[in-house]
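Q:
Numbering (our numbering), first residue to last: 19 to 207.
#1: How many Å lie between residue 142 and residue 107 at the Cα?
#2: Take the Cβ of residue 43 as the centre, count every other Cβ of all protein chains shown within 10 Å, and call the residue buried at 16 or more, exposed below.
#3: Could you compute how far the alpha carbon of residue 184 sits from the alpha carbon of residue 68?
#4: In three-state terms, what does DSSP make of residue 71?
#5: Output the distance between the C-alpha atoms of residue 22 and residue 199, rounded to the nearest integer angstrom.
#6: Measuring only the C-alpha atoms, how far is residue 86 from residue 56?
#7: Give me, in chain order, the residues of the same chain whose beta-carbon lies closer than 7 Å to that of residue 95; leave out the 5 immediate sequence neighbours on both sides.
#8: Rounded to a whole number of angstroms, what is the C-alpha to C-alpha distance between residue 196 and residue 26?
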């Protein structure tokens, strides 16, 4: 999460509202929020249900608290130039519901530039199916590897190197071009 958050924050570099769900994608968003806070570029951090955060994502929440950053359970876009979408990541396989769906709709209706973390929330990362609702991201920063479903997007997609050795991918049967990050640690697809 640390490397993912760093890469996202480096790309954003604007005053941001970071909007998080409850899983690992939220942890990436919270890590990005911490870096943006250090750089004076954090407008707000909003989390669907911070009580549901576990493991590294909960640790990222705690780290923000130690810095005095309030994480709220309602959307706050005032003062933000950009929204960072960290609601859902690669595990989504059905349409978002309830508060998740309401927040995605609010992001889409905000009129703000949206940068998605890993995949736009509401998009199936494998098939490219955009469930209703689905975040309409202006840019996506996908982490580690390109996801097949992102290849169908017309908006810019960047792959961020998060430090996973290619050998680790090979060990689980995932082929990675050896030169994926030859031109840098953030590569446009």
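Glycine included, each C-beta is placed from N, C-alpha and C at the ideal position.
A: Per the coordinate set shown:
#1: Answer to the nearest angstrom: the Cα atoms are 9 Å apart.
#2: It is buried - the Cβ of residue 43 has at least 16 other Cβ atoms within 10 Å.
#3: Rounded to whole angstroms, residue 184 to residue 68 spans 33 Å at the Cα level.
#4: Reduced to three states, the DSSP call for residue 71 is coil.
#5: Approximately 15 Å, taken between the alpha carbons.
#6: Taking the straight line from one Cα to the other gives about 11 Å.
#7: Taking C-beta separations shorter than 7 Å and ignoring five residues to either side along the sequence, the partners of residue 95 in its chain run 35, 101, 128, 130, following chain order.
#8: Between residue 196 and residue 26, the C-alpha separation is close to 23 Å.
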